[in-house]
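Peer 1: Below is the structure I would like to discuss, written out as structure tokens.
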Amino acid sequence: MQTLTVTLVQGATRWHDAPGNREYYGRLVREAAPSDLVVLPETFLSGFTNDTLANAEAMEGPSVAWMRALAGEVNATLTGSLVIREGDTVYNRLIWASPDGGMAWYDKRHLFRMAGEHTRYGGGSERLVVELKGWRILPQVCYDLRFPVWLRNGRREDATGGMDYDLALFVANWPAPRRQPWRTLLRARAIENLAYVIGVNRVGMDGNDLPYAGDSAVIDPVGEALVELGSQEQVVTMVLDPAPLKAHRERFPAWMDADRFSLDMGG
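At position 94 of the sequence shown the residue is numbered 94 (this note's numbering), and the sequence of numbers has no breaks.
Rendered as structure tokens:
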């Protein structure tokens, strides 16, 4: 594992305006410091919408192509979620676009039923773990943060030190009235999984008159905030050091006492 430079882009997403958001977020990304990984919010080109017919794009559409081109332009991996249509199903899909043109994706597993997301979107069934500069990274989407079984770092008694991943990241549209759970759960997921955690949320007001307070953060494996943003547009770049993570896992190998279990994907 090498040091990993990460940029958090906490923006005020324009409602149902993909071209405007591509211009807006493109400017923020281009103006940021050089980075290995740039993290954008959930559904950053549309806002958190249930109007899927008007806002969904195909994987061959302009927004995925834009992400891939921008990743190459700034020479950084770019990630954030989009509203993607495949056949008759729409997904809240996190795109992982590498500067060399490579791409992976993760479909949000847990759909926010309190806003009817589960009635308009299809849910994912597989976790994605990607590697960047020797880091194993678990990208997730918003409401997934509330489900510790899904996010549990695996118990593996091998050269990985018992861990499936080193960094979990969450892209989100997490409204301000629930900001305390957001802040608390980011810390809990870092502590229980002996991993760094990054959360990138949006700010401003959406088309449903929901306010967003940001609170994007980088949390270390003992639950301390290394970076915590406010409630306004902010772009922050920082370097993650693997040494403290390795040292913590060696002196506090709680993963060795974790319970074994199987996950029922039908639930």
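Idealized CB from N, CA, C, for every residue including glycine.
Identify the continuous alpha helix (DSSP H) that holds asparagine 208 and give its terminal residues.
Peer 2: First-last for asparagine 208: undefined, no H or E at that position.
Peer 1: From Tyr121, Asp17, Met59 and Val6, pick the residue whose C-alpha is nearest to that of alanine 33; which is it?
Peer 2: In this structure, Val6 is the residue among Tyr121, Asp17, Met59 and Val6 with its C-alpha nearest to the C-alpha of alanine 33.
Peer 1: Could you check where the alpha helix (DSSP H) with alanine 54 kicks off and where it finishes?
Peer 2: 52-55
Peer 1: Look up serine 35 in the DSSP assignment and say whether it is helix, strand or coil.
Peer 2: Of the three classes helix, strand and coil, the one that applies to serine 35 here is coil, per DSSP.
Peer 1: Straight-line CA distance for arginine 202 to tryptophan 66?
Peer 2: 20 Å
Peer 1: Give a yes or no on whether the C-beta atoms belonging to leucine 245 and proline 221 are separated by under 7 Å.
Peer 2: yes
Peer 1: Among Leu167, Gly134, Glu117 and Leu132, which residue has its Cα nearest to the Cα of glutamine 140?
Peer 2: Selected option, being the one with the closest Cα: Leu167.
Peer 1: According to DSSP, what are the bridge partners of valine 9?
Peer 2: Val235
Peer 1: Please list the terminal residues of the continuous beta strand (DSSP E) segment that includes valine 227.
Peer 2: From DSSP, the beta strand (DSSP E) with valine 227 extends over 225-228.
Peer 1: DSSP has leucine 169 in a bridge; who is on the other side?
Peer 2: Pro139 and Ile198
Peer 1: Anyone know if the C-beta pair for alanine 104 and leucine 128 falls short of 7 Å?
Peer 2: yes
Peer 1: Whose C-beta lies closer than 6 Å to the C-beta of isoleucine 137 among residues of the same chain, with five residues either side of it excluded?
Peer 2: Val130 and Leu167
Peer 1: Helix or strand or just coil, what does DSSP make of proline 242?
Peer 2: Looking at proline 242 - three-state DSSP - the assignment turns out to be helix.
Peer 1: Ordered along the chain, which non-local residues of its own chain (more than five positions away) have a Cβ less than 7 Å from that of asparagine 21?
Peer 2: Once the five neighbours on either side are set aside, the close Cβ partners of asparagine 21 are Thr13, Arg14, Phe44 and Leu45.
Peer 1: By Cβ distance, which residues of its chain are closer than 8 Å to histidine 118, with the 5 residues on each side in sequence left out?
Peer 2: Excluding residues within five positions, the ones whose Cβ falls inside 8 Å are Leu111 and Phe112.
Peer 1: Since methionine 103 is in the beta strand (DSSP E), which residue starts that stretch and which ends it?
Peer 2: 103-107
Peer 1: Since isoleucine 84 and alanine 56 are thought to touch, with beta carbons under 8 Å apart, how far apart are those beta carbons, to the nearest angstrom?
Peer 2: 6 Å
Peer 1: Going by Cα to Cα distance, which pick from Val197, Gly230 and Asp215 is closest to proline 242?
Peer 2: Val197
Peer 1: First and last residue of the beta strand (DSSP E) that includes threonine 79?
Peer 2: 77-86 is the span of the beta strand (DSSP E), which, as asked, contains threonine 79.
Peer 1: With DSSP as the reference, label threonine 89 as helix, strand or coil.
Peer 2: strand
Peer 1: Provide the residue span of the alpha helix (DSSP H) that contains alanine 65, from first to last.
Peer 2: 62-74
Peer 1: Quick one: Cα of phenylalanine 252 to Cα of glutamate 192, how far?
Peer 2: Their Cα atoms are separated by approximately 11 Å.
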